[in-house]
Every structure is written in C-alpha cells, then in structure tokens.
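Structure first, commentary second.
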Amino acid sequence: MLESVKEPLFAAYNIGQAKKVREALANPQLFKVVQCAPAVRVAIAEEFGLNLGALTPGKMAAALRRLGFNKVYDTNFGADLTIMEEGNELIKRVTEGKDLPLFTSCCPAWVKFMEQAYPELLKNLSTCKSPQQMQGAIIKTYGAKINNMDPAKIFSVSVMPCTCKPFESDRPEMMASGYKDVDVVITTRELAYLIKDKGIDFANLPDEGFDLPLGDYTGAATIFGSTGGVMEAALRTAYEIITKNPIPKIDIEFVRGGEGVRTATVQIGDLELKIAVVAGLKNVLPILEDLKKGKSDYHFIEVMACPEGCISGGGQPKVLLEEYRGIAYKNRKDAIYKHDSELKLRKSHENPDIKKLYDEFLGEPLGKQSHHLLHTKYKSRKEK
Ligand code: SF4
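Read in order, the letters of the sequence shown correspond to residues 78 to 461 in the UniProt record's numbering.
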C-alpha cells in the first residue's frame with residue numbers, strides 16, 4: 078500500500094523491469110547503455126499525446142539521455158549487422174543448396190514456436206541472433222573497448238515493442254560477451270512510464286542524434302519494424318553482393334503488403350529466388366507442413382508472429398478503440414517507410430560504421446569472431 082502511495086505510476090502498471098532500469102540509472106558505478114528497436118520510434122509519441130504513428134527518433138534519443146544513459150545506441154545498428162550476416166548466410170545456403178528454405182530468426186516468438194512445435198525443422202532457421210542480441214554482444218565487447226570500459230560495469234538495456242524479447246535475452250546462450258549480453262529488456266510502454274516518472278516533457282524535447290558508432294543506421298535497418306522489412310533489407314544487400322551492381326529499384330514494394338502470406342520470385346543475376354513473407358504464426362503452418370513432406374521450393378522465408386510485424390507488438394502503446402487500431406498500425410508502418418526513404422544510406426552494407434566494425438573487430442561476415450558473437454544454436458523444446 079505504502080509502495081502504491083509513493084510510486085503510483087509504477088504500482089499501477091506493475092512494471093518490474095522498468096524499476097530495475099531506474100535503479101541501475103541511479104547507480105553511479107555502472108556505465109548505462111541503451112538500444113531501441115526500430116518500431117519504438119514510430120509509436121512511443123502516442124503515449125505523450127502526439128499523433129498515432131508520429132515518427133520521433135530524435136525526441137526518443139533526447140529522452141533517453143535525460144533519463145541518464147551514458148550511451149544512447151540503436152538496435153538499428155544491430156539490424157544492419159543482422160543483414161550482413163543473414164544475407165551472407167542466405168547466399169551460402171543457396172550456393173551450397175543446403176538447408177533451404179532459410180527462415181529468418183529475428184522474432185523470438187517464432188523461434189520458440191519452432192523449437193516447441195517443429196524441432197525437426199530447426200536446421201532451416203537462420204543461425205543469426207536477432208538484432209537485439211547482436212547489438213548486446215557488440216556493446217559488451219567492441220563497445221567496451223571503444224569506450225574504455227570494463228564490460229562487467231556495463232548495464233545494457235534494450236527497449237523493444239515486444240513482450241517476448243525478455244525471454245530471448247534470458248536464454249543462457251545469450252552470453253557471448255562473457256556476461257549477460259542484454260541485462261534488461263523493457264517495452265515501449267515501460268520506457269514511456271520511465272519518461273513520465275522522471276517528469277520529462279517528451280513532446281517538447283529537441284531532436285538529438287544517437288551516439289556513434291553503435292547508433293549509426295541505414296534505411297534498411299529501420300524497415301525491420303514492419304512485416305516484410307527484413308526480407309526487403311536482405312534483398313537489397315543480397316542483390317548487390319551477388320550481382321556487384323546497384324539494385325535497380327530499392328523500394329521492393331511487393332513484400333510490403335498486409336496479407337498474412339506474400340510470395341514472389343525474385344531475379345537476382347542468374348538466380349531465381351523464391352521468397353515468402355509471413356505475418357502471424359497460423360499463416361506459416363501450411364508452409365511448414367509442406368516442408369515436412371519435402372514439397373517446399375522456397376529459398377528464403379521471413380516470419381513474424383505479430384500481424385503487422387513489430388509495429389503491432391505486444392509492448393507497444395495500446396490502442397484501445399478498435400476503430401483506431403488499424404489507423405495506428407497504418408500510420409506506424411507509413412512512418413517506418415518514410416524514415417527509410419528520407420535516410421541518405423538505405424542498404425545495410427553501406428553503413429560506414431558496420432564496415433568499420435568488420436575492419437577493426439569482426440573480420441568478415443560468417444567469420445570466426447562473427448560466428449562466436451552473432452550466431453546461435455536452437456534446441457528442441459517439444460514436450461516428450
Ligand atoms: Fe516480438 Fe511481435 Fe516483433 Fe515477433 S513480431 S519480435 S513477437 S513484436
């Protein structure tokens with residue numbers, strides 16, 4: 078009772094993870110680092126009375142700095158890194174004709190579903206960690222090095238649109254840095270509570286940038302927030318790696334629709350790549366059943382558990398009136414693609430700080446160091 082009188086906002090929402098973040102922010106011994114997923118910046122402003130789907134990366138970065146984070150980094154950097162690894166993994170598997178189709182692995186709800194329901198198909202899941210976990214591993218290794226920090230003192234927070242991401246960060250294998258790569262995950266709503274709790278006037282904050290180099294990102298990274306975005310980002314890079322020519326049309330609109338399953342055949346040089354984009358787990362079941370029977374001829378399949386991808390994730394601001402929910406999702410999606418179109422660089426392999434990361438630290442995509450920090454293994458969780 079006393080707790081609820083002293084802390085009405087926290088008590089009302091039972092947000093234990095946010096409390097852990099607030100305690101860490103008050104601890105001067107810790108070096109506090111944060112990363113934010115692409116979908117957060119197109120939704121958080123809704124908690125502060127701005128328009129549905131308002132795009133506010135600059136205000137979000139400013140708010141995170143005022144909360145007391147020492148470095149405001151970005152999951153989008155991790156998304157560009159994911160494309161470097163996953164794009165090369167796709168090319169390798171297609172070249173070798175092995176373990177196809179390749180399924181994306183950014184969505185922890187989808188990964189866990191595969192572990193529970195289709196463990197015999199786990200070899201088809203990309204071994205790439207999600208952008209959150211890649212970014213977490215880099216923050217406590219390369220990030221520790223460039224900031225001259227003991228990784229043991231880094232407290233790494235991730236802000237996600239997703240209620241499954243804490244489970245992902247708690248997996249025992251997500252300690253590639255030698256420490257828990259992401260210490261605490263909070264949702265978009267929980268970040269809004271922290272900002273309100275500190276009395277920060279979000280709507281009137283000036284725009285600020287993310288900290289470099291681990292906050293640098295391209296348009297390809299920002300579209301990860303929408304269904305079809307990972308596919309589009311991967312195709313932009315795979316096309317240029319395979320053909321060594323600029324992609325003729327950077328906006329790959331046929332993967333952007335709203336249907337639960339979208340399929341296409343994409344010509345990349347001599348290669349005919351058969352792809353599918355799936356939103357909502359029930360929609361992937363026929364594809365998985367066909368694959369089990371040896372009847373699938375797809376090369377690459379993106380799967381996201383939420384109906385519109387992460388912009389409609391369970392940790393996003395709630396749109397309680399049903400008639401406004403569709404508008405919110407549409408506006409958030411439009412904002413994601415607008416952000417992409419306005420950025421100077423729109424292909425992950427053109428991110429100069431990603432290139433520098435490989436030059437200075439990782440070596441090459443799918444190399445030894447990349448494999449250790451950025452890839453993972455899955456296990457059957459099927460009940461016997
Ligand atoms: Fe989480 Fe939904 Fe995004 Fe999957 S699609 S990562 S469940 S928010």
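A virtual CB, placed ideally from N, CA and C, is assigned to each residue, including glycine.
{"Asked": "Ala156 beta carbon near ligand 1 (any heavy atom closer than 7 Å)", "Found": "no"}
{"Asked": "Spatial distance of Lys461 from Glu192 (CA atoms)", "Found": "13 Å"}
{"Asked": "Cα-Cα separation, Glu385 to Tyr435", "Found": "32 Å"}
{"Asked": "Counted within 10 angstroms of its Cβ, other Cβ atoms place Glu437 as buried (16 or more) or exposed", "Found": "exposed"}
{"Asked": "Local conformation of Met252 per DSSP, three classes", "Found": "coil"}
{"Asked": "Contacting residues, own chain, Cβ-Cβ under 7 Å from Lys410 (five flanking each side not counted)", "Found": "Ser303, Glu385 and Ile388"}
{"Asked": "Distance, Leu199 Cα to Ala353 Cα", "Found": "18 Å"}
{"Asked": "Distance cut-off 7 Å: Pro185 Cβ against heavy atoms of ligand 1", "Found": "yes"}
{"Asked": "From Lys456, Arg118 and Glu162, residue whose alpha carbon lies closest to that of Leu141", "Found": "Arg118"}
{"Asked": "Exposure of Lys275, with buried meaning 16 or more beta-carbon neighbours within 10 Å", "Found": "exposed"}
{"Asked": "Between the CA atoms of Arg248 and Asn281 - distance to the nearest angstrom", "Found": "38 Å"}
{"Asked": "With 16 other Cβ atoms within 10 Å as the buried cut-off, status of Lys83", "Found": "Bear in mind that the predicted position of Lys83 carries a pLDDT of just 49, short of 50, making it unreliable; the figure below should be weighed with that in mind. Lys83 should be labelled exposed."}
{"Asked": "With 16 other Cβ atoms within 10 Å as the buried cut-off, status of Leu177", "Found": "buried"}
{"Asked": "Runs of beta strand (DSSP E) lying entirely within the stretch 84-138, each at least 3 residues, in chain order", "Found": "108-113"}
{"Asked": "Per DSSP, the bridge partner or partners of Ile223", "Found": "The partner list for Ile223 (beta bridge, DSSP) is empty, contrary to what the question assumes."}
{"Asked": "Secondary structure of Ser373, DSSP reduced to three states", "Found": "coil"}
{"Asked": "Any non-hydrogen atom of ligand 1 closer than 7 Å to Gly213 Cβ", "Found": "no"}
{"Asked": "Counted within 10 angstroms of its Cβ, other Cβ atoms place Gly286 as buried (16 or more) or exposed", "Found": "exposed"}
{"Asked": "From Gln446, Ala315, Arg333 and Ala122, residue whose alpha carbon lies closest to that of Ala269", "Found": "Ala122"}
{"Asked": "Bridge partners - His452, DSSP secondary structure assignment", "Found": "Cys205"}
{"Asked": "Heavy atom of ligand 1 within 7 Å of Gly390 beta-carbon", "Found": "yes"}
{"Asked": "Coarse secondary structure for Val262, derived from DSSP in three states", "Found": "strand"}
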